[in-house]
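Only one structure is covered here, and it is reproduced in the block below.
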Amino acid sequence: MLTSQRLDRQNPLVSVIVPNFNHRDFLPQRVQSISEQLYQYIEIILLDDCSNDDSQAILRQFKESDARVVHCEFNLENSGRPISQWIKGLQVARGKYVWIAESDDFSDSNFIHTLLGVMESDQRIGIGYCASVQVDASSAHVGHFELNSPLFEYNLWQKDFVLDGKYLVNGYFPIRNIIPNASAALFNRELLVKHIYKAADFSLVADWIVYIHIALESRIAFVNQPLNYCRVHSTSVTRSHSIASYRRMLRERLSIFRTLFEHANMTTHGASALKQMLENRHKFVRAERLYAKINNAHSPNKLYGLYGFNDIAKYIVDRTNTAHLPAFVIDKSKAGNQYNHIPITAIEDVDMDDVGVIAILSLRYAAEMEDELRKRGFDGEVLIV
C-alpha cells in the first residue's frame, strides 16, 4: 500500500467547496455531478447561507450518502456576499487545489481530471479553467460564454493556452472578467487563501479582484473543452440587469482599475475599457426610458424585436411580463442561441412584414443598424436606446 506522503504526491487532494443559497431545484444535479467525477481523491465542503427553501435537507442527504463530505455548515443569518462563503470554505479546506462548485451549476465528469492534469504539469499555474456552456433553469443549452471583445487584439479562447498571468492582467482583465464563471476553475489553494481577503468587502466583482491578484504572481491555464455548465436564471447572483446593481457594479469596477493602476501596467486597451465604462455609466437609465418607449409604441397586432444582444437586451427581457416579451433578438454573432426562451437570430432570418417595432440597443452602431434594417425592407418604427 502506498504511504500517505506517496499518495498525496501522486493524487493531490482537491477540496470541493459547495456554497449554496436557495438552490433547491438545482442542488441534486450539482451534487450528482460532483459524485460522478472520474477523479475521486476529493474532500467535499457543503455550506448553506441561510436558505429558506429545502436546500438544507438535500445537503444533509448528500452528506449521509458520500463519505468524502468532511464539513457541512448552515448559516443562521444570510451573509449577504457570496465571497463570504468562499472564505468560510477555505478555512477548513486541506487540498492542494480548490474547486468552488457553485450550487446552481453542474459539471462534466472529466472536469477535475482534465484541469488537474494541466495544473500538475506546471506548478506555476495558479488558476486553470475551462470553456462553459450556458444552460437555463431546465438545463437546456442556451449558449456559450463569448470571451472575445472589440478591445482584444484576437480571441485567445479558440484553443488551449498557458500564459503568464501578468500578460493577461495587463491586456485582458481590465476589459472584462475573462473567467466568467467560478465553477469553471480549479485554484491553487495557497494562492486563493493568500488573496481571498482582498475581496471580502465586494459583492459583484469579488471574484474578478481575486483572479487579478492570483494572476499577478502565477500562470493561467485555459482548456477549450466545455466541461462546465453555468446556470442562467432569474435568481443567479451574477445578474446585474438593473439600475441599482449596475451602479454598484460601476463603483466596484473602479476598485479594479485602482488595483490595476497600482500593481500592473495599464495598456491602451485598459484605458479604453475605463473610458468605455464611464461613458456607459447611465446605460440602464437609458434602458428604462427605452422600455417605456417600447410599451408605448408596441401594437398587439405586430411583433416587436430587439437589435443587439447585450446587458440592455437582458434588462428589457427580465423587466417585461410574459405577454409583452420581444419575439426575437437580432445578433449575428450569437444567432442560434436563446435567452429566456427568446430566439437570438440573424437579421436575414427575420420576416420584417410581421414586425412593427425594433429597438436598437447600441448607440455606437445605431446608424449602421438602422440602415441595415431599412435595406432589409423594415418600414416600421425604430427606437434607439
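Heads up, the sequence shown is in the working numbering, so the first residue is 527 and it goes up one at a time. Quick reminder that beta carbons are idealized off the backbone N, C-alpha and C, glycines included.
Select from 733, 632, 816 the residue whose C-alpha is nearest the C-alpha of residue 779.
Mapped onto the sequence shown, residue 779 falls at position 253. Taking only the C-alpha atoms, the option nearest residue 779 is 733.
Between which two residues does the alpha helix (DSSP H) harbouring residue 844 extend?
For this step, residue 844 is matched to residue 318 along the sequence shown. Run containing residue 844: 837-845, per the alpha helix (DSSP H) assignment.
Quickly, what does DSSP pair residue 633 with across the bridge? List them, please.
Within the sequence shown, residue 633 is the residue found at index 107, counting from 1. Residue 633 pairs with 754.
Within this structure, are the beta carbons of residue 540 and residue 655 separated by less than 9 Å?
Stepping through the sequence shown from its first residue, residue 540 is reached at position 14. Stepping through the sequence shown from its first residue, residue 655 is reached at position 129. No; because the gap between Cβ atoms is not below 9 Å, this pair is not in contact.
For the pair the region 642-658 and the region 679-695, tell me if three or more CB-CB distances fall below 8 Å.
yes
Does DSSP put residue 747 in a helix, a strand or coil?
In the sequence shown, the residue the question calls residue 747 occupies position 221. Residue 747: strand per DSSP, three-state reduction.
For residue 821, I'd like the list of residues in its chain whose CB is within less than 8 Å of its CB, leaving aside the five on either flank, ordered along the chain.
Here residue 821 refers to the residue found at position 295 when the sequence shown is read from its first residue. So the list reads 850, once near-sequence residues are dropped.
May I have the straight-line CA-CA distance separating residue 894 from residue 834, to the nearest angstrom?
Counting from one through the sequence shown, the residue named residue 894 turns up at place 368. Counting from one through the sequence shown, the residue named residue 834 turns up at place 308. Approximately 12 Å, taken between the alpha carbons.
Taking the alpha-carbon positions, what's the residue 816 to residue 631 distance?
Position 290 of the sequence shown, counted from the first residue, corresponds to residue 816. Position 105 of the sequence shown, counted from the first residue, corresponds to residue 631. Each residue's alpha carbon lies about 33 Å from the other.
Restricting to Cα atoms, I'd like to know which of 662, 746, 777 is closest to residue 683.
Here residue 683 refers to the residue found at position 157 of the sequence shown. Nearest C-alpha to residue 683: 746.
At what residues does the alpha helix (DSSP H) containing residue 588 begin and finish?
Stepping through the sequence shown from its first residue, residue 588 is reached at position 62. Counting along the chain, the alpha helix (DSSP H) containing residue 588 begins and ends at 581-591.
Since residue 670 sits in a beta bridge, which residues does DSSP pair it with?
Reading the sequence shown from its first residue, position 144 is the one you call residue 670. In DSSP, residue 670 forms a bridge with 659.
State the Cα-Cα distance for the pair residue 896 and residue 908, rounded to the nearest angstrom.
Along the sequence shown, one-based indexing puts residue 896 at 370. Along the sequence shown, one-based indexing puts residue 908 at 382. Distance between the alpha carbons of residue 896 and residue 908: 7 Å.
Looking at the strands, I want to know which residues DSSP matches up with residue 597.
Position 71 of the sequence shown, counting from 1, holds the residue named residue 597. Per DSSP, 571.
If you count every other CB in all the chains shown that lies within 10 Å of the CB of residue 544, and 16 or more means buried, which is it?
For the purposes of this step, residue 544 is identified with residue 18 of the sequence shown, where counting begins at 1. That one is buried.
Using only the alpha-carbon positions, how far apart do residue 766 and residue 838 sit?
As a first step, residue 766 is located in the sequence shown; it is residue number 240 there, counting from the start. As a first step, residue 838 is located in the sequence shown; it is residue number 312 there, counting from the start. With a pLDDT of 48 at residue 766, under the threshold of 50, the predicted position of this residue should be treated as unreliable, and no value is reported.
Just to confirm, are residue 620 and residue 569 a CB contact at a threshold of 9 Å?
Residue numbering aside, residue 620 sits at position 94 when the sequence shown is read from its first letter. Residue numbering aside, residue 569 sits at position 43 when the sequence shown is read from its first letter. Yes.
CA-to-CA distance, residue 741 to residue 714, given in whole angstroms:
Counting from one through the sequence shown, the residue named residue 714 turns up at place 188. Counting from one through the sequence shown, the residue named residue 741 turns up at place 215. Those two C-alpha atoms are separated by around 11 Å.
Element boundaries [alpha helix (DSSP H), containing residue 741]:
On the sequence shown, position 215 is the one that residue 741 refers to. Its alpha helix (DSSP H) spans residues 732-741.
Which of helix, strand or coil does DSSP assign to residue 531?
On the sequence shown, position 5 is the one that residue 531 refers to. For residue 531, the predicted model reports a pLDDT of 33, less than 50, meaning its position is unreliable; a value from the coordinates is still stated below. It is helical.
Per the contact definition of three or more C-beta pairs closer than 8 Å, is the region 593-602 in contact with the region 571-584?
yes
Start-to-end residues for the alpha helix (DSSP H) that takes in residue 691
Locating residue 691 in the sequence shown gives position 165, counting from the first residue. First-last of the alpha helix (DSSP H) with residue 691: 691-697.
Close-in-space but distant-in-sequence residues of the same chain around residue 584 (CB under 7 Å, 5 per side omitted)
The residue you call residue 584 lines up with position 58 of the sequence shown. Within the same chain, residue 584 has close Cβ partners 550, 553, 554.
By Cβ distance, which residues of its chain are closer than 8 Å to residue 582, with the 5 residues on each side in sequence left out?
Numbered from 1 along the sequence shown, position 56 holds the residue referred to as residue 582. Contacts found: 574, 600.
May I ask you to report which of helix, strand or coil DSSP gives residue 729?
Here residue 729 corresponds to residue number 203 of the sequence shown, with the count starting at 1. Note: residue 729 maps to coil in three-state DSSP.
Distance, Cα to Cα, residue 847 vs residue 853?
Here residue 847 refers to the residue found at position 321 when the sequence shown is read from its first residue. Here residue 853 refers to the residue found at position 327 when the sequence shown is read from its first residue. Straight-line Cα distance between these residues: approximately 13 Å.
At a threshold of 8 Å, does residue 727 count as lining the ligand SAM (C-beta to nearest heavy atom)?
The model on display carries no ligand, and the ligand SAM is accordingly not part of it.
Relative to the C-alpha of residue 698, which candidate in 628, 721, 756, 673 has its C-alpha closest?
If you number the sequence shown from 1, residue 698 lands on position 172. The candidate whose alpha carbon is nearest that of residue 698 is 673.
Counted within 10 angstroms of its Cβ, other Cβ atoms place residue 665 as buried (16 or more) or exposed
Looking up residue 665 in the sequence shown gives position 139. So residue 665 ends up on the exposed side.
Buried or exposed: which applies to residue 826, given that a residue is buried once 16 or more other Cβ atoms fall within 10 Å of its Cβ?
Numbered from its first residue, the sequence shown carries residue 826 at position 300. Burial call: exposed.
Secondary structure of residue 654, DSSP reduced to three states:
Within the sequence shown, the letter at position 128 stands for residue 654. Of the three classes helix, strand and coil, the one that applies to residue 654 here is strand, per DSSP.
Cut-off 8 Å between Cβ atoms - residues of its own chain near residue 902, not counting five sequence neighbours on either side:
For this step, residue 902 is matched to residue 376 along the sequence shown. 873, 874, 876, 878, listed in sequence order.
Report the option in 738, 701, 693, 774 whose CA atom is closest to the CA atom of residue 730.
On the sequence shown, residue 730 is found 204 positions in, with the first residue counted as 1. When each option's Cα is compared against that of residue 730, the closest is 774.
Going straight from the alpha carbon of residue 881 to that of residue 906, what length do you get?
Along the sequence shown, one-based indexing puts residue 881 at 355. Along the sequence shown, one-based indexing puts residue 906 at 380. One C-alpha to the other measures close to 7 Å.
For residue 862, count neighbouring C-beta atoms within 10 Å of its own C-beta (all shown protein chains included) and say buried if the count is 16 or more, exposed if not.
For this step, residue 862 is matched to residue 336 along the sequence shown. Looking at its Cβ environment, which holds fewer than 16 other Cβ atoms inside 10 Å, residue 862 is exposed.
Measure the CB-CB distance between residue 626 and residue 723 and report whether it falls below 9 Å.
As a working mapping, residue 626 is identified with position 100 in the sequence shown. As a working mapping, residue 723 is identified with position 197 in the sequence shown. Inclusion of residue 626 and residue 723 in the CB contact set at 9 Å is not warranted, their separation being larger than that value.
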